[in-house]
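In numbering that gives the first Met the number 0, the protein residues as written are 0 to 298. Just so you know, even glycine gets a beta-carbon here, dropped at the ideal spot from N, CA and C. Note that this is a predicted model, so its numbers are computed, not measured.
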Amino acid sequence: MNFLWLDDFLVLAETGNFSRAAEERHLTQPAFSRRVRALEEWLGTELFDRSGQPATLTPAGEWFGTVARELRARVDRIPADARAVNEADAATLRLAATHALSFTFLPRWLRTLESRVALGPVQLMSDLLPRCELLLSQGKVQFVLSHAHPEAANSLDGSDAPSTQIGADALVPVSARGARGRARHVLGKNATAPVPLLAYSQESGLGRIAQAVLGRRLDALAPKVVFTAHLASVLRTMALDGRGIAWLPRTLIDEDIAAGTLVPAGGEEWVVPLQVRLYRGREPMGTAVEAFWKAAHPR
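Next up, the structure:
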């Protein structure tokens with residue numbers, strides 16, 4: 000099938016005259032007739048009744064006339080549709096974020112940004128930090144949102160990927176509420192039993208930070224790891240169930256602490272301050288995405 004045949008057909012259907020149609024198509028009449036015949040052979044049926052003048056459409060030709068006009072209109076729209084798809088993709092923010100920030104920080108942060116810049120569609124991929132880092136390096140996302148700490152650099156910190164701090168958070172040791180509103184489990188060297196610890200897995204970015212900052216002090220308490228997971232939300236559920244102490248992002252448990260369902264299990268010396276950082280790819284991006292990056296910088 001040659002798309003030029005559609006135009007040949009439509010011109011002949013309108014004029015009913017092979018000579019005039021060939022002239023409009025800038026072809027000799029024999030060459031034009033061969034192209035019309037090639038179309039009919041491709042379809043396996045005659046489209047024109049050539050027994051009289053002007054040539055008229057057969058029933059198959061009447062049907063194909065509707066099809067040809069629809070196809071011609073669709074083909075004509077392809078360049079504009081392709082540009083629209085490209086422009087929409089260029090305006091789409093493709094963001095990877097760790098699970099903990101996806102639940103709480105991200106929605107609030109996007110709301111504040113909307114007062115500074117018009118946001119287009121946002122495509123979020125929520126995953127573990129190593130996976131988020133990989134998505135950025137592969138160019139599948141434009142930005143990565145994650146917790147960070149100077150003592151626990153991630154692979155993006157070690158690269159030349161631009162980044163900016165857009166917020167603050169903290170890892171807070173918490174436990175379910177026990178008697179008299181106090182923490183059911185507490186941190187301290189005078190504990191009569193090993194501290195039950197709800198720990199992050201090795202794949203967790205928060206776990207890497209907690210280990211880098213608290214590792215030696217925590218090891219000195221000889222805690223008993225009773226549960227391990229890579230998601231802070233899972234450890235939160237286990238802490239609420241009274242299973243032990245978990246270091247959880249304050250942004251995730253603000254409401255729990257306010258309601259008294261989770262209680263700090265140690266003093267401020269056990270709290271780990273965190274940065275919330277936005278990383279981006281090194282390559283230039285579209286106008287809308289660059290405007291988002293500019294608006295994301297704290298003022």
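- Using a Cβ-Cβ distance cut-off of 8 Å, the segment 249-257 and the segment 116-125 are not in contact, since fewer than three pairs of beta carbons, one from each stretch, lie closer than that value.
- By the Cβ neighbour-count rule, Phe63 is buried, with 16 or more other Cβ atoms within 10 Å of its own.
- Below 8 Å, too few C-beta pairs join the segment 124-144 and the segment 255-270 to call them touching: fewer than three.
- Counting every other CB atom within 10 Å of its CB across the protein chains shown gives Pro149 a total below 16, marking it as exposed.
- When rounded, the separation of the alpha-carbon atoms in Gly60 and Gln52 is 16 Å.
- The beta carbons of Arg276 and Phe142 sit no closer together than 8 Å.
- A straight line joining the alpha-carbon of Ala228 with that of Gly204 spans about 12 Å.
- Contact between the segment 174-190 and the segment 283-292 is absent: fewer than 3 CB-CB pairs across the two stretches fall below 8 Å.
- As for any beta strand (DSSP E) of minimum length 3 sitting wholly inside the segment 97-142, the runs are 121-126, ordered along the chain.
- Here DSSP, grouped into helix, strand and coil, assigns Arg281 to coil.
- Of the candidates Asp80, Phe17, Leu155, Gly266, the residue whose Cα lies closest to the Cα of Ser174 is Gly266.
- Under the criterion of beta carbons closer than 8 Å, Pro248 and Ala99 qualify as touching, at roughly 5 Å.
- A residue is called buried once 16 or more other Cβ atoms fall within 10 Å of its Cβ, and Glu268, having fewer, is exposed.
- Gly243 and Val225 do touch by the CB rule: their CB atoms are close to 5 Å apart, below 8 Å.
- Residue pairing for Phe47: DSSP places it in a beta bridge opposite Leu56.
- About 30 Å separates the beta carbons of Val171 and Trp292, which is beyond the 8 Å limit, so they are not a contact pair.
- For Leu144, the CB contacts under 6 Å within the same chain, skipping 5 residues up- and downstream, are Ala96, Leu100, Leu277 in chain order.
- Distance check between Arg216 and each of Val270, Arg181, Tyr199, Arg176 places Val270 closest, using alpha-carbon atoms only.
- Under the DSSP assignment, Ile244 falls outside any alpha helix (DSSP H); it carries neither an H nor an E label.
- Shown here for Ala90: same chain residues with a beta carbon closer than 6 Å to its own, the five before and five after excluded, namely Gly119, Ala287 in chain order.
- When C-alpha distances from Trp4 are compared across Arg36, His184, Asn16, Glu69, the shortest belongs to Arg36.
- Listed as beta-bridge partners of Lys293 by DSSP are no residues whatsoever.
- Residue burial is scored here from C-beta neighbours: Asp240 has fewer than 16 other C-beta atoms within 10 angstroms and is therefore classed as exposed.
- By DSSP's assignment, Ala175 forms a beta bridge with Leu261.
- The straight-line gap separating the alpha-carbon atoms of Asn153 and Gly206 is approximately 12 Å.
- DSSP, reduced to helix, strand and coil, places Gly157 outside both helices and strands of the structure shown, so it counts as coil.
- DSSP, read as helix, strand or coil, puts Gly166 in strand.
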